[in-house]
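Undergrad: Protein chains in written order, with the numbering used here: chain L, 68 to 578; chain G, 142 to 559. Positions of the beta carbon are idealized from the N, C-alpha and C atoms, including for glycine. I'd like to ask some things about the structure below.
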Amino acid sequence: MEDTSSFAIRMEGITKRFPGVVANNSIDFAVRQGEIHALLGENGAGKTTLMKILAGLYQPDEGQIWIDGRAASVHSPRDAIDLGIGMIHQHFMLVESHTVAENIILGLDVPRFVLNLEKVEREIAKLADQYHLLVDPGARIWQLSVGEQQRIEILKALYRGARILVMDEPTAVLTPQEAKQLFNTLRSMVAEGHTVVFISHKLGEVMSVADRITVLRRGEVEATVQASETSRQDLARMMVGREVLFRVGKRESEPGDVVLEIDGLGALNDKGLEALRDVSLTVRHGEILGVAGVAGNGQRELAEAIVGLRPVTRGQIRVDGEGVTNRTPREVMDRGVAYIPADRIGSGLVVNLSVAENLILKCYRDPPICNWFFLDGDAISGHAQELVRAYDVMTPGIETRTRLLSGGNLQKLILAREISSKPALMVSVYPTRGLDVGATEAVRRLLLEQRDAGGGILLISEDLDELLSMSDRIAVLYEGRIMGIVESQEARVEALGLMMAGTAPEEDGGE
Amino acid sequence: MESSRGRALPRLRGFSIRLEPRLDVPRWLPYAVPVASLIVALILGMIPMMMQGINPLTGYRDMFLLAFGSAYGISETIMKAIPLMLTGLGVALAFRMLVWNIGAEGQLYMGAFGACLVAYTWPDTPGWVLLPLMIVGGFIGGALWGAIPGALLAFLGVSEIITSLMLNYIAIQWISFLVIGPWQDPTSLGFPRTTRLSGGATLPPITEAWYLPTVVFLAIAGVVLLYWIVRRTSDSREKIKLIVGYAVLAILSVGSIWFLSGLRVHLGLVLSLAAAAVLSVLLSRTRWGYEVRVIGENARAARYAGMSLKRNIILVMMISGGLAGLAGMSEIAGNLHLIKRVFSPGYGYTAIIVAWLARLNPWGVILVSLLLGGLYRGSDAIPGAPKALGMMLQAVIFFVLIGGEVLVRYRVRLDRGT
Chain L
68 MEDTSSFAIR MEGITKRFPG VVANNSIDFA VRQGEIHALL GENGAGKTTL MKILAGLYQP
128 DEGQIWIDGR AASVHSPRDA IDLGIGMIHQ HFMLVESHTV AENIILGLDV PRFVLNLEKV
188 EREIAKLADQ YHLLVDPGAR IWQLSVGEQQ RIEILKALYR GARILVMDEP TAVLTPQEAK
248 QLFNTLRSMV AEGHTVVFIS HKLGEVMSVA DRITVLRRGE VEATVQASET SRQDLARMMV
308 GREVLFRVGK RESEPGDVVL EIDGLGALND KGLEALRDVS LTVRHGEILG VAGVAGNGQR
368 ELAEAIVGLR PVTRGQIRVD GEGVTNRTPR EVMDRGVAYI PADRIGSGLV VNLSVAENLI
428 LKCYRDPPIC NWFFLDGDAI SGHAQELVRA YDVMTPGIET RTRLLSGGNL QKLILAREIS
488 SKPALMVSVY PTRGLDVGAT EAVRRLLLEQ RDAGGGILLI SEDLDELLSM SDRIAVLYEG
548 RIMGIVESQE ARVEALGLMM AGTAPEEDGG E
Chain G
142 MESSRGRALP RLRGFSIRLE PRLDVPRWLP YAVPVASLIV ALILGMIPMM MQGINPLTGY
202 RDMFLLAFGS AYGISETIMK AIPLMLTGLG VALAFRMLVW NIGAEGQLYM GAFGACLVAY
262 TWPDTPGWVL LPLMIVGGFI GGALWGAIPG ALLAFLGVSE IITSLMLNYI AIQWISFLVI
322 GPWQDPTSLG FPRTTRLSGG ATLPPITEAW YLPTVVFLAI AGVVLLYWIV RRTSDSREKI
382 KLIVGYAVLA ILSVGSIWFL SGLRVHLGLV LSLAAAAVLS VLLSRTRWGY EVRVIGENAR
442 AARYAGMSLK RNIILVMMIS GGLAGLAGMS EIAGNLHLIK RVFSPGYGYT AIIVAWLARL
502 NPWGVILVSL LLGGLYRGSD AIPGAPKALG MMLQAVIFFV LIGGEVLVRY RVRLDRGT
């Protein structure tokens, strides 16, 4: 072990539990002075939690922190600022209608009474110049692009005297050009003696900018490596993990007619940037098509475009031969498309309503649930009782408020509702994310049963094991493009990992 | 995952008060907090009373006696409560869907306008034709006024809070214009008011003549209920609920005719109760009510389930406005019998308090309206007290109530400073 004083950050034995999950399990994490250190891992691996502990937003249940070699207790963001730690969140904390300078001094104790905004602006301009962060201190936030807003956040941290900068997925919202500019800034900051930790799940950028990389998986440290001594393949393997938890007993598929046909699909993400570019794929009845890819490469947009929740800018979507491009969610649903959204609580369920009320979310308009205008209470409870029994949902009762159910049971509830509509196509996004082993297996079994009953399934997942064991074919999505579609029997983790990192199957090396 | 992060409040001498989100809210809490808030508000309300040199205890006693101490007092309290009930129901419906309609006041005025337009156009029509038409006119007047902010919100994303509020002023000024302009009573000697409504256009007060129709109605309701119980409901708890409900309905209706006959309370009360009943059934037992509840709880899930947010926003604003319009209709046809310049003492604004205190529950609105109606009435009780005292009390109640909401969602914890 090196002398502790050469570490800007040292965290030892950090454990943080949330109800039902261990987000960080005795994590050891150390960052050297003056390096760019990447924290790599899948969604839910515990990266953000670890950094929020460092920034004083969460308190660890166990563990110790040293900053610059001195034991430190970080109880609040204020403590973190005093220790020279600045965290830049995924969602910026800026006041839209204020100017850059006003935002930067927001919350500071100085100046006490008289605000000399011009002096502040001069200081900011100097700081900006030093780190090549081009901004106009007098501009108002709403006038600025996302990339510029991020620069303000960096300036804000620097102005507060941060020497350790923590960035949570800084490139998630940036265009490639802006990302490149950001990396230049980070390099010049390190050259000035600052230390940078950045959270990411993108292999490419981690390899190009970081000095050292710590890989987290399921709340534990997988490894810490020198960027120069590793490769994308190694990182992909460490991130995803090789060992198979279990294999689902799966029969040979008997694909029938094409149920979903997507041709040259294009769509924008919430920021208005291109999220899908010329995506073409087909799913047949009785087949599971897996979609692999690192999160944020267009998976959510793909699912939403299919089910009618996101406008399609180009291309065609057909379900059982009928066009459903840019139809309303209701019209798509009526064509027999079910949808298991990634965000269970946010859009799949209404957690303040009862289990029974959630189970009719898709069929509340149709008999026997609804006769003319009136809902039939007996039919609703009969429906709920039947589904709760058939899908083995653990709930105290059908009138129980849904928010009281566990994550696995919430997902079973959604599956029960969606599968019971006997869909021709099921779009399921991260169906087992965050579930424990038992619930994961139950969900996978239900999906396979649905396949064997002749339904087509588009399975979007980050878990390569899941894709390999569940899918009949696997498509890999990278930056909104299909990098390739392979038969899952022939697929190797390494090859998929490379495609997920943006390397086309035939080529060797980088982009 | 945010749950472990409490909101930190200022530290006090080594202690810090923390608000932690409750993982689960006990069932009784959402009802206990408004009651407690009300009590705290009444205690705080003593301060302005004492500043006026009024003994708060005798003050409250006088207010209570004036509002609820006699049949006449109760009748007058109900007169104030009727417009609160109807506007409160409208506001509660909109708030259920998180559409912040604060334009009930304007919608009330436009409802009065719509009803009077009907009444002045066909003044000689008999009441049994004219009154239903006026109800329709009042509802449409309010509904159209509510549709404007609804459509602006649905199609252009303009804040309904601003637009519905602004439209209040326009509606009030429109009525002011009518009562000194085209609709002014030529015999009013310049007073800003309209001609008295014809006899057929007034809502009749409750009299002994109501016994017969009420008994007939109760008999029919009883038969329907019996049929329903025999045919449909297997659940014995549901049966008991229905039977008890029927008994309460029967006792209340016959009892209130006996109690209120010969006083000023009019058919508007029945209209309000019917509106509450219809709204309560709509919300809990129909497809549309289900949509409103889902949209109010989670708009993204609603979109995911294929519900149309735009259509429902406009529809809810129209029904909400329509109910407020009914309040205007009943106030004019039942109480004032003509339109005066500013004839509502802010019922449409008080409706916001009513809806919130009632936790957006239709039957709760009826109860709270009676309470706040009593406050309106009771604030006349204290000699020498300014008129504003009642409004001040209302404001205090609302403040304390909103403050109290925090306790429903958060748990307060006192930590030793770390």
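#1: Near GLY323/L, which residues of its chain fall below 7 Å by C-beta distance, leaving aside the five closest residues on each side in sequence?
#2: Decide yes or no for the touch test of the region 503-513 of chain G against the region 407-426 of chain G: beta carbon pairs closer than 8 Å, at least 3 of them.
#3: Contact criterion: CB-CB distance below 7 Å. Does ALA418/G meet it with respect to chain L?
#4: Using the Cβ count rule (16 or more neighbours within 10 Å means buried), how would you classify LEU410/G?
#5: Let's test the definition: count the other Cβ atoms within 10 Å of the Cβ of ILE231/L and tell me whether it reaches 16, buried, or not, exposed.
#6: Within the 7 Å Cβ cut-off, does LYS489/L reach chain G?
#7: In whole angstroms, give me the CA-to-CA distance for ARG482/G and CYS257/G.
#8: Residues of chain G with CB under 8 Å from PHE440/L, in chain order?
#9: Shortest alpha-carbon distance to ASP459/L belongs to which of GLY444/L, ARG468/L, GLY449/L, ASN476/L?
#10: Put GLU310/L into one of helix, strand or coil per three-state DSSP.
#11: Look at the alpha carbon of LEU390/G and the alpha carbon of TRP399/G, and state the distance between them as a whole number of angstroms.
#12: Please name the residues in the region 441-454 of chain G whose beta-carbon is closer than 9 Å to at least one beta-carbon of chain L, in chain order.
#13: Can you list the residues of chain L that LEU438/G reaches, using a CB-CB cut of under 9 Å?
#14: Measure the alpha-carbon distance for SER536/L versus GLY544/G and round it to whole angstroms.
#15: Taking SER267/L as part of the alpha helix (DSSP H), name the residues at either end of that continuous run.
#16: Pick out the complete alpha helix (DSSP H) segments inside the region 295-350 of chain G, 4 residues or longer, and give them in chain order.
#17: Please classify ARG372/G: does DSSP put it in a helix, a strand, or coil?
#18: Is the region 356-375 of chain G close to the region 299-319 of chain G, with three or more CB pairs under 8 Å?
#19: Could you name the residues of the same chain whose beta carbon sits closer than 7 Å to that of ALA423/L, not counting the 5 residues immediately before and after it, in chain order?
#20: Between the Cα of MET550/L and the Cα atoms of LEU534/L, GLU557/L, ALA562/L, which residue gives the shortest distance?
#21: When we look at the beta-carbon of GLU129/L and count the other beta-carbons within 10 Å, is it buried (16 or more) or exposed?
#22: If we require 3 or more residues per run, which beta strand (DSSP E) segments fall completely within the region 143-187 of chain L?
#23: Pull the bridge partners of ILE329/L from the DSSP assignment, please.
#24: Tell me the rounded alpha-carbon separation between LEU514/L and ALA491/L.
#25: How big is the Cα-Cα spacing for ARG434/G and GLU485/L?
#26: Out of curiosity, what's the CA-to-CA distance linking ARG550/G and TRP169/G?
#27: Does any residue of chain L have a CB that is nearer than 7 Å to the CB of VAL435/G?
#28: DSSP on HIS104/L, reduced to helix/strand/coil?
#29: Does any residue of chain G have a CB that is nearer than 7 Å to the CB of GLY403/L?
#30: So, under 8 Å CB-CB, THR304/G and VAL320/G are touching, yes? Tell me the CB distance rounded to an integer number of Å.
#31: Would you say GLY413/L reaches chain G, if we count a Cβ-Cβ gap shorter than 7 Å as a contact?
#32: With a threshold of 7 Å between beta carbons, is ARG550/G in contact with chain L?
#33: For the beta strand (DSSP E) that contains LYS83/L, what are its first and last residues?
#34: Determine the DSSP secondary structure at GLY466/G, reduced to helix, strand or coil.
#35: Expressed to the nearest angstrom, what Euclidean distance is found between the alpha-carbon atoms of ALA245/G and HIS142/L?
TA: Taking the geometry as given:
#1: ARG351, HIS352, GLY353, GLY521
#2: yes
#3: no
#4: buried
#5: buried
#6: no
#7: 14 Å
#8: THR427, ARG428, TRP429
#9: ASN476/L
#10: Below a pLDDT of 50, predicted positions are generally treated as unreliable, and GLU310/L, at 41, falls in that range; the measurement from the model is reported next regardless. Residue state, collapsed to three classes: coil.
#11: 14 Å
#12: ARG441, ALA442, ALA443, ARG444, TYR445, ALA446, GLY447, MET448, SER449
#13: A small fix is needed here, since residue 438/G is Glu in this sequence, not Leu. Correct list: VAL417, VAL418, ASN419, LEU420.
#14: 53 Å
#15: Looking at the DSSP string, SER267/L is not in any alpha helix (DSSP H); the run it does join, the beta strand (DSSP E), is 262-267.
#16: 301-321
#17: helix
#18: no
#19: ILE447, SER448, ALA451, ILE465, GLU466
#20: ALA562/L
#21: exposed
#22: 152-155
#23: LEU348/L, ILE384/L
#24: 13 Å
#25: 21 Å
#26: 13 Å
#27: yes
#28: strand
#29: no
#30: Not confirmed; about 25 Å, so no contact.
#31: yes
#32: no
#33: 74-85
#34: helix
#35: 48 Å
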